[in-house]
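Chemist:
Chains as they are written, first to last, in our numbering: chain G, 315 to 524; chain A, 315 to 524.
(1) With burial defined as no fewer than 16 other Cβ atoms inside 10 Å of the residue's Cβ, what is the status of residue 478 of chain G: buried or exposed?
(2) At which residue ranges does the region 357-415 of chain G contain complete alpha helix (DSSP H) runs of 4 or more residues, listed in the order of the chain?
(3) From residue 492 of chain A to residue 321 of chain G, what does the alpha carbon distance come to, in whole angstroms?
(4) Please list, in chain order, the residues of the region 497-509 of chain G that have any C-beta partner in chain A closer than 8 angstroms.
(5) If you follow the beta strand (DSSP E) that residue 466 of chain A is part of, which residue opens it and which one closes it?
(6) Could you confirm whether any beta carbon from chain G is found closer than 8 angstroms to the beta carbon of residue 431 of chain A?
(7) Please work out which residues of its chain come closer than 7 angstroms, Cβ to Cβ, to residue 357 of chain G, disregarding the five sequence neighbours upstream and downstream, and give them in chain order.
(8) Out of curiosity, what's the CA-to-CA distance linking residue 498 of chain A and residue 487 of chain G?
(9) At the 8 angstroms Cβ level, is residue 344 of chain A part of the contact set with chain G, yes or no?
(10) Could one say the Cβ of residue 360 of chain A lies closer than 8 angstroms to chain B's Cβ atoms, at least one of them?
(11) Counting only C-beta atoms, is residue 450 of chain G closer than 8 angstroms to chain A at any point?
(12) Taking the alpha helix (DSSP H) that residue 338 of chain A falls in, what are its first and last residues?
(13) What residue range is occupied by the uninterrupted alpha helix (DSSP H) comprising residue 435 of chain A?
(14) Any beta-carbon of chain A closer than 8 angstroms to the one on residue 321 of chain G?
(15) Can you tell me which residues form a DSSP beta bridge with residue 418 of chain G?
(16) Leaving out five residues before and five after residue 339 of chain A in sequence, what residues of the same chain have Cβ atoms less than 6 angstroms from its Cβ?
(17) Considering only C-alpha positions, which residue in the set A:480, A:410 and A:370 is nearest to residue 490 of chain A?
(18) Is the Cβ of residue 512 of chain A closer than 8 angstroms to any Cβ of chain G?
(19) Contact check, residue 448 of chain G vs residue 405 of chain A under 8 angstroms by CB: the rounded distance?
(20) Scan the region 405-423 of chain A for residues whose Cβ lies nearer than 9 angstroms to a Cβ of chain G and list them as they occur along the chain.
(21) Does the region 423-432 of chain A come into contact with the region 444-461 of chain A, if we say contact requires no fewer than three beta-carbon pairs (one atom in each stretch) closer than 8 angstroms?
(22) Going by the beta-carbon positions, is the gap between residue 415 of chain A and residue 485 of chain A smaller than 8 angstroms?
(23) Within a Cβ cutoff of 7 angstroms, which residues of the same chain sit near residue 365 of chain G, ignoring the five residues on either side of it in sequence?
(24) Can you check which of these residues, G:423, G:374 and G:522, is closest to residue 450 of chain G by C-alpha distance?
(25) For residue 377 of chain G, go through chain A and note every residue whose CB falls closer than 8 angstroms to its CB, in chain order.
(26) Nearest by alpha-carbon distance to residue 382 of chain G: which of G:334, G:465, G:361 and G:376 is it?
(27) Thinking C-alpha only, which one of A:506, A:331, A:502 and A:424 is nearest residue 392 of chain A?
(28) Three-state secondary structure (DSSP) at residue 453 of chain G?
(29) Can you pull the chain A residues whose beta carbon is under 7 angstroms from the beta carbon of residue 525 of chain G, in chain order?
(30) Where DSSP assigns a beta bridge to residue 517 of chain G, which residues make up the other side?
(31) I need the DSSP call for residue 463 of chain A, collapsed to helix, strand or coil.
(32) If you follow the beta strand (DSSP E) that residue 508 of chain A is in, where does it begin and where does it stop?
(33) Quick one: list the residues of chain G neighbouring residue 492 of chain A, beta-carbon separation under 8 angstroms, in chain order.
(34) Return helix, strand or coil for residue 333 of chain A, following the three-state DSSP convention.
(35) Based on DSSP bridge pairs, tell me the residues matched to residue 423 of chain A.
(36) Please report whether the beta-carbon of residue 398 of chain A lies at a distance below 8 angstroms from any beta-carbon of chain G.
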């Protein structure tokens, strides 16, 4: 059972702290459901934010890419990074423009990335990355060979300084005269679904179901 | 017709430039379809990435929030920001772990935000923000009053330095022995849909259809 995280100056929730959490269970659930994260770092010209696939395994968040990728090479230097994951759950429509909002679950994680160079650990992280987008794929595809492993950088960020923030439910209740406004109020849920699989042109096999 | 953007050192596409574009039409289409962006900036402890609702109007990207929001107050100082928008379109499953990927459309925008303080411009940006999550809502809800306007900060970023990047289609073709591997290969599309609207507890009106 993962220990809940300490609150630091970076992860203290200033705005609407009642929507936040430093519990690992809350943080992990969001990291595990999301398929991509947004990685922020300071490049030579200032802040840069890049979308990446990710996977959490135990207390580490892994990202990967080409060994010549600018961001990965920069992060390998051990600089500060901020990785943010957001799941958008719904549109919150109120009677007043002011109370419009969105329902979401997000995690903001701070840390410094470490290159995963050990072959066994690197293969395990890459398998987890593939399994994260499609469960079981790591055993339903050829694992990386030596050349592919060399061409790939895997970075791990420890999950030690992070917070989750969640908004859910209906709009804040209107009051006074606003309650009498003739406008609809409520939530339009957003759902991301997997569509019918499309075979590659050179693949005649039936979709295996995952 | 918006002018296509110049290529700068920050927006030059280094990895897989054939997937990239500096055309305003490509950039605008992605900004307009996405409901949230990820805003990166350098705070007092280093890089920070925060999810925000946004809207594009002509050559400006607007974000907004509480006037006491730490990020908005920091950005109002005119510091460098990077705003990234990502639409995830599909999971790309290849016969080899190495060729797994995702289909996506993303925009990375660099710039400095300016506070929109003029009342008319601020109201117009807030109306556009509400209409972006639900077309027509700005005329189907009460506009902000003076107190709400004061409590809200609206920032505009000029769309002058940005790039789009798109991956679409099937996995890269496997070759040689990999082509004979007994594994499925193709794309699993991801689709975000709006579910059945849920009335707020204090609203008995029927859903107006948008």
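Beta carbons: idealized from backbone N, C-alpha and C, even for Gly. Computed from a predicted structure; not experimentally measured.
Modeler: In terms of the structure at hand:
(1) Within the first chain, numbered from 1, the residue matching residue 478 of chain G stands at position 164. Buried: at least 16 other Cβ atoms inside 10 Å.
(2) 384-390
(3) The count along the second chain starts at 1 and reaches residue 492 of chain A at position 178. The count along the first chain starts at 1 and reaches residue 321 of chain G at position 7. Computed Cα separation, rounded: 49 angstroms.
(4) 497, 498, 499, 500, 501, 502, 503, 504, 505, 506, 507, 508 and 509
(5) Working through the second chain from its first residue, we reach residue 466 of chain A at position 152. Segment 466-472, the beta strand (DSSP E) holding residue 466 of chain A.
(6) Here residue 431 of chain A corresponds to residue number 117 of the second chain, with the count starting at 1. No - not a single Cβ of chain G is within 8 angstroms of the one on residue 431 of chain A.
(7) On the first chain, position 43 is the one that residue 357 of chain G refers to. 388, listed in sequence order.
(8) Counted from its first residue, the second chain places residue 498 of chain A at position 184. Counted from its first residue, the first chain places residue 487 of chain G at position 173. Near 50 angstroms, if we compare the C-alpha coordinates of residue 487 of chain G and residue 498 of chain A.
(9) By one-based count along the second chain, residue 344 of chain A stands at place 30. For residue 344 of chain A, the answer is no, since every Cβ of chain G falls outside 8 angstroms of its Cβ.
(10) Within the model displayed, chain B is absent; protein chains G and A are what it includes.
(11) Residue 450 of chain G sits at position 136 when you count from the first residue of the first chain. Residue 450 of chain G does not count as touching chain A.
(12) Residue numbering aside, residue 338 of chain A sits at position 24 when the second chain is read from its first letter. It spans 338-347 - the alpha helix (DSSP H) in which residue 338 of chain A sits, taken as one unbroken run.
(13) Within the second chain, the letter at position 121 stands for residue 435 of chain A. Its alpha helix (DSSP H) spans residues 433-447.
(14) The count along the first chain starts at 1 and reaches residue 321 of chain G at position 7. It does not: the Cβ of residue 321 of chain G has no partner Cβ on chain A nearer than 8 angstroms.
(15) Here residue 418 of chain G is taken as the residue at index 104 of the first chain, counted from 1. In the DSSP output, where bridge partners are listed per residue, residue 418 of chain G has G:402 and G:481.
(16) Numbered from 1 along the second chain, position 25 holds the residue referred to as residue 339 of chain A. Result list for residue 339 of chain A: empty, nothing under 6 angstroms.
(17) The residue labelled residue 490 of chain A in the question sits at position 176 within the second chain. Cα-wise, what sits closest to residue 490 of chain A is A:410.
(18) As a first step, residue 512 of chain A is located in the second chain; it is residue number 198 there, counting from the start. Taking Cβ atoms only, chain G reaches closer than 8 angstroms to residue 512 of chain A, which makes this a yes.
(19) For the purposes of this step, residue 448 of chain G is taken as residue 134 along the first chain, with counting starting at 1. For the purposes of this step, residue 405 of chain A is taken as residue 91 along the second chain, with counting starting at 1. Indeed, because the Cβ distance is near 6 angstroms, the residues count as touching under 8 angstroms.
(20) 405, 406, 407, 408, 409, 410, 411, 412, 413, 414, 415, 416, 418, 420 and 422
(21) no
(22) Here residue 415 of chain A is taken as the residue at index 101 of the second chain, counted from 1. Here residue 485 of chain A is taken as the residue at index 171 of the second chain, counted from 1. Yes. Within cutoff.
(23) As a first step, residue 365 of chain G is located in the first chain; it is residue number 51 there, counting from the start. Hits under 7 angstroms: 350 and 352.
(24) On the first chain, position 136 is the one that residue 450 of chain G refers to. Of the listed residues, the one whose Cα sits closest to residue 450 of chain G is G:522.
(25) The count along the first chain starts at 1 and reaches residue 377 of chain G at position 63. Residues of chain A passing the Cβ test: none, with the nearest at roughly 13 angstroms.
(26) Walking along the first chain from the start, residue 382 of chain G turns up at place 68. Of the candidates G:334, G:465, G:361 and G:376, the one whose C-alpha sits nearest the C-alpha of residue 382 of chain G is G:465.
(27) The residue you call residue 392 of chain A lines up with position 78 of the second chain. The candidate whose alpha carbon is nearest that of residue 392 of chain A is A:424.
(28) Here the question's residue 453 of chain G lines up with position 139 in the first chain. Here residue 453 of chain G sits in helix by DSSP.
(29) Nothing about residue 525 of chain G can be read from this structure; chain G reaches only from 315 to 524.
(30) Here the question's residue 517 of chain G lines up with position 203 in the first chain. Per DSSP, none; premise fails for residue 517 of chain G.
(31) Position 149 of the second chain, counted from the start, is the residue given in the question as residue 463 of chain A. Residue 463 of chain A: helix per DSSP, three-state reduction.
(32) As a position in the second chain, residue 508 of chain A is number 194, starting the count at 1. Element bounds for residue 508 of chain A: 500-508.
(33) Position 178 of the second chain, counted from the start, is the residue given in the question as residue 492 of chain A. The answer, in chain order, is 456.
(34) For the purposes of this step, residue 333 of chain A is taken as residue 19 along the second chain, with counting starting at 1. Helix at residue 333 of chain A.
(35) Residue mapping note: residue 423 of chain A aligns to position 109 of the second chain, counting from 1. Looking at the DSSP assignment, residue 423 of chain A forms a beta bridge with A:397 and A:476.
(36) Within the second chain, the letter at position 84 stands for residue 398 of chain A. Answer yes: the Cβ-Cβ gap between residue 398 of chain A and chain G drops below 8 angstroms somewhere.
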